[in-house]
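Asks: All letters in the sequence shown, in the order written, are residues 1115 to 1191 by the working numbering.
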Amino acid sequence: MGRWVLHLPVALPRRVDAVVLVVALRDSLGHVPALDFGEATVSAEDDQSRRTRVWCDARLGGGQRCELPLAHDGGCR
Ligand SMILES: [Zn+2]
């Protein structure tokens, strides 16, 4: 199956606001299997080559992936 990446501009003042929106989208749409929120990234609109991940997304075994924020404290879960 092919994979595509949605580039969806949002009008928000800061990176943290964009991350809050991505978290809200995951909370409401995380049940849709086609959406891979673990690999979500954010960037400034005028600097899209410098994207940063939102979540840790480390592979935990058994098909599970860490759902904690990037660079979180403590162990993955
Ligand atoms: Zn983790």
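Just so you know, even glycine gets a beta-carbon here, dropped at the ideal spot from N, CA and C.
#1: In terms of alpha-carbon separation, which member of 1161, 1159, 1140 and 1160 lies closest to residue 1153?
#2: Considering residue 1149, what are the terminal residues of the alpha helix (DSSP H) in which it resides?
#3: Which same chain residues, not among the five before or five after residue 1190, have their C-beta less than 7 angstroms away from its C-beta?
#4: Can you pull every residue whose C-beta falls closer than 6 angstroms to some heavy atom of ligand 1, listed in chain order?
#5: Please name the residue, chosen from 1188, 1117 and 1138, that lies closest to residue 1147 on a Cα-to-Cα basis.
Replies: Put simply:
#1: Between residue 1153 and the set 1161, 1159, 1140 and 1160, the nearest pair of CA atoms involves 1140.
#2: First-last for residue 1149: undefined, no H or E at that position.
#3: Counting only residues of its own chain and dropping the five nearest sequence neighbours on each side, residue 1190 has a CB closer than 7 angstroms to the CB of 1170, 1172, 1174, 1180 and 1182.
#4: By the rule of a C-beta closer than 6 angstroms to any heavy atom of ligand 1, the residues picked out are 1170, 1172, 1180, 1182, 1186 and 1190.
#5: Out of 1188, 1117 and 1138, 1117 has the C-alpha closest to the C-alpha of residue 1147.
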